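Structure, as structure tokens:
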Amino acid sequence: MKKIHYAWFICAVCTLMLFTCMGVVANGFAVFMPMIRDEYGLTNAQTSSLITLRNLVTFCGTWMTTIFYDKVGLRVGTTTAGILAGISFMIYSFADNYPLFCIGAAISGFAYAFGTMVPAAILMNRWFVKNKALALGIVGAGSGVAMIVIPPIATILAESAGLPFAFRAQAIFMFCVAVVIFLVIKESPESLGLRKFGESEEVQVVETAAKTNAALPDASGPALPKSIYATLIAACMLTGAVASVGYAHLSVLYTDAGFDSMFIASLISIIGLLLTVAKVFFGHITDRWGGFGTSMAFWLLVIIGHVGLCMAYTGNAVIAYGVAVVLGIGYSLTNLGASYWANDMVKQEHYPKVIRTLNVSQSAGALICSSVPGILADMSGNYLSSYIMFTAFTCAATILTFLAYRQYRVLNS
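Here this note's numbering is used: the first residue of the sequence shown is 28, the next is one more, and so on.
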């Protein structure tokens, strides 16, 4: 039997890290928002402000990511992310007032900043030559898996044993994940006396990369022409608002529309299931259709899904399930798109800088819009106006992505 290369263990643990630091910390927390609001008497604006605070800290933390990992290394850094996630949920478990929830949200922001695709992408680049896109797709699916399993489990725990117990159980799980991360993650193959996965085929890979890089901007110049860079940054800011803030308020949208908590949990689980599958195959679809074609197709799904969200107050369960299916597939673009856009348009030397900038842009978009849904809901009495806004954002992001690829093709034709 052929021995499994250690790179796949790195891939598995990075998937577990994203499951925890993105999936549970951000996506899983969304399930608790209406419960926190109702049980502790928070306003819509206060509930949304927890997302704002988390996104603010994430935004600041993302700027520090490169420095942080340069100082402590990938093993300690990713372990720290898991520990911070556990601490934040342990604080939630003892919180009975707004300030304590704010402290937990702030700490969760650092967990999110340090435990996302940035360190995972660096590790995949260090450990893989062959099947790198597949590995990235598997890692990216981690947050989607959390969206499948966490909503129903968290809802059952909260309804049967109370919110504090539900938060505490997840915190203990996160601390266990941090231990696994520390034990498995290694900085590079060389530290174990290994070679990268697929390095025996390195000659072929290098030849292919050379052909690809020939069309990319000169590495001695700027990472990207300013017009393309600005267009991608704007697209990523809108993507961050839609993927982070729009998704985070799905549970309160459907709660206000009259759906019960288990129905809402089932919707989020469907989104998570399809998102997980779509992330795994996103790289294969991109290889077949190209980054531009894949982006346009998936943006169309996101637009259709948000039009459906604007119909939530009709109370139609069939539409709600249809929205979950479409968004579950489409959301894979909002999670992975920036990585593939950067991969299409910049040389490998500039990739870490560009992907960090695009990730910061997504965090900035999420931060700017975080409190808007709660404020609009307090003013209008529902979340419809917010999802009309998010629908407009998805349309604008689609246009910006189209323009970025068109500019790139014109410059390299």
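All residues carry an ideal CB built from backbone N, CA and C; glycine is no exception. Bear in mind that the values here come from a model prediction, so they are computed numbers and not experimental data.
Can you determine whether any heavy atom of the ligand GDP sits closer than 6 Å to the C-beta of valine 353, and answer yes or no?
Absent from the structure shown: the ligand GDP. Ligands present: none.
For proline 179, which option in Gly55, Lys253, His276 and Glu66 has the closest C-alpha, if you only look at C-alpha atoms?
Along the sequence shown, read from residue 1 onward, the residue named residue 179 stands at position 152. When Gly55, Lys253, His276 and Glu66 are compared, the shortest CA-CA separation from proline 179 is found for Gly55.
Proximity winner among Leu150, Ala262 and Met372, relative to glutamate 217 (alpha-carbon distances):
As a working mapping, residue 217 is identified with position 190 in the sequence shown. Closest option to glutamate 217, Cα to Cα, is Leu150.
What first and last residue would you give for the alpha helix (DSSP H) that runs through aspartate 123?
Sequence index remark: in the sequence shown, residue 123 carries index 96 (1-based). From DSSP, aspartate 123 is part of no alpha helix (DSSP H); its letter is neither H nor E.
Of the residues Val84, Gly355, Asn386 and Tyr410, which one's Cα is nearest the Cα of valine 304?
Here residue 304 refers to the residue found at position 277 of the sequence shown. Considering only Val84, Gly355, Asn386 and Tyr410, the residue with the shortest C-alpha distance to valine 304 is Gly355.
Give the range of the alpha helix (DSSP H) segment to which histidine 333 is assigned.
Counted from its first residue, the sequence shown places residue 333 at position 306. Run containing histidine 333: 288-336, per the alpha helix (DSSP H) assignment.
Between Tyr414, Met62, Val272 and Gln434, which lies nearest to proline 460 when the distance is taken from Cα to Cα?
Nothing about residue 460 can be reported from this structure: the residues present for the chain run from 28 to 440 only.
Does the beta-carbon of histidine 32 have 16 or more other beta-carbons within 10 angstroms, so that it is buried, or is it exposed?
Mapped onto the sequence shown, residue 32 falls at position 5. Buried: at least 16 other Cβ atoms inside 10 Å.
Starting from threonine 421, follow the alpha helix (DSSP H) in both directions and report where the run begins and ends.
Reading the sequence shown from its first residue, position 394 is the one you call residue 421. It spans 411-438 - the alpha helix (DSSP H) in which threonine 421 sits, taken as one unbroken run.
Spatial distance of threonine 341 from valine 172 (CA atoms)
The residue you call residue 341 lines up with position 314 of the sequence shown. The residue you call residue 172 lines up with position 145 of the sequence shown. Their backbone Cα atoms lie some 29 Å apart in a straight line.
Environment of serine 254 [buried if 16+ CB atoms lie within 10 Å]:
To locate residue 254, count along the sequence shown from 1; it is residue 227. Serine 254 is exposed by the Cβ-count criterion.
Burial state of isoleucine 118, where buried means 16 or more other Cβ atoms lie within 10 Å:
By one-based count along the sequence shown, residue 118 stands at place 91. By the neighbour-count rule (16 or more Cβ atoms within 10 Å), isoleucine 118 is buried.
Measuring alpha carbon to alpha carbon, tell me which of Asn409, Ala72, Leu251 and Leu83 ends up nearest glycine 285.
Position 258 of the sequence shown, counted from the first residue, corresponds to residue 285. Restricting attention to Asn409, Ala72, Leu251 and Leu83, the CA atom closest to the CA of glycine 285 is found in Asn409.
Unbroken alpha helix (DSSP H) run spanning alanine 270, endpoints:
Position 243 of the sequence shown, counted from the first residue, corresponds to residue 270. Here alanine 270 belongs to no alpha helix (DSSP H), and DSSP marks it neither H nor E.
Leaving out five residues before and five after aspartate 314 in sequence, what residues of the same chain have Cβ atoms less than 8 Å from its Cβ?
Numbered from its first residue, the sequence shown carries residue 314 at position 287. So the qualifying residues of the chain are Ala160.
For the putative contact between isoleucine 330 and threonine 418, defined by C-beta atoms under 8 Å, what is the C-beta separation to the nearest angstrom?
As a first step, residue 330 must be located in the sequence shown, where it is residue number 303. As a first step, residue 418 must be located in the sequence shown, where it is residue number 391. Indeed, because the Cβ distance is near 7 Å, the residues count as touching under 8 Å.
Using only alpha-carbon positions, find the residue among Gly169, Ala424 and Leu438 that is nearest to valine 373.
Counting from one through the sequence shown, the residue named residue 373 turns up at place 346. Nearest of Gly169, Ala424 and Leu438 to valine 373, Cα basis: Leu438.
CA-to-CA distance, alanine 423 to proline 126, given in whole angstroms:
Looking up residue 126 in the sequence shown gives position 99. Looking up residue 423 in the sequence shown gives position 396. Those two C-alpha atoms are separated by around 36 Å.
Go through its chain and collect everything with a Cβ distance to glutamine 268's Cβ below 8 Å, but skip five positions before and after it.
Position 241 of the sequence shown holds residue 268. Glutamine is not the amino acid found at residue 268; the sequence shown has alanine there. Gly392, Ala393, Ile395, Cys396, Phe417 and Phe420, listed in sequence order.
Could you compute how far the alpha carbon of tryptophan 154 sits from the alpha carbon of cysteine 263?
For the purposes of this step, residue 154 is taken as the residue at position 127 of the sequence shown. For the purposes of this step, residue 263 is taken as the residue at position 236 of the sequence shown. So the alpha carbons of these two residues sit roughly 27 Å apart.
Count the other CB atoms, across all protein chains shown, that sit within 10 Å of the CB of isoleucine 199; report buried if there are 16 or more and exposed otherwise.
For the purposes of this step, residue 199 is taken as the residue at position 172 of the sequence shown. With fewer than 16 other Cβ atoms within 10 Å, it is exposed.
From Tyr348, Thr384 and Tyr281, residue whose alpha carbon lies closest to that of methionine 60
Here residue 60 corresponds to residue number 33 of the sequence shown, with the count starting at 1. Comparing Cα positions, the closest option is Tyr281.
Distance between beta carbons of leucine 45 and valine 204, contact taken as under 8 Å
As a first step, residue 204 must be located in the sequence shown, where it is residue number 177. As a first step, residue 45 must be located in the sequence shown, where it is residue number 18. The beta carbons of valine 204 and leucine 45 sit about 11 Å from each other, so the pair does not count as a contact at 8 Å.
Considering only their Cβ atoms, is the gap separating glycine 401 from serine 75 smaller than 7 Å?
Taking the sequence shown and counting its residues from 1, one reaches residue 75 at position 48. Taking the sequence shown and counting its residues from 1, one reaches residue 401 at position 374. Against a cut-off of 7 Å, the Cβ pair of glycine 401 and serine 75 comes out as a contact.
What are the boundary residues of the alpha helix (DSSP H) that alanine 160 is part of?
Position 133 of the sequence shown, counting from 1, holds the residue named residue 160. Membership of alanine 160 in the alpha helix (DSSP H) is indicated by the continuous run 159-188.
Do threonine 92 and valine 145 have their CB atoms nearer than 7 Å?
Position 65 of the sequence shown, counting from 1, holds the residue named residue 92. Position 118 of the sequence shown, counting from 1, holds the residue named residue 145. Yes, Cβ-Cβ distance for threonine 92 and valine 145 is below 7 Å.
Any idea if glycine 167 is buried or exposed, counting beta-carbon neighbours within 10 angstroms, 16 or more meaning buried?
Position 140 of the sequence shown, counting from 1, holds the residue named residue 167. If you draw a 10 Å sphere on the C-beta of glycine 167, you find 16 or more other C-beta atoms in it, and that means buried.
Whole-angstrom distance between serine 440 and tyrosine 348, CA atom to CA atom
Walking along the sequence shown from the start, residue 348 turns up at place 321. Walking along the sequence shown from the start, residue 440 turns up at place 413. C-alpha separation (whole angstroms): 44 Å.
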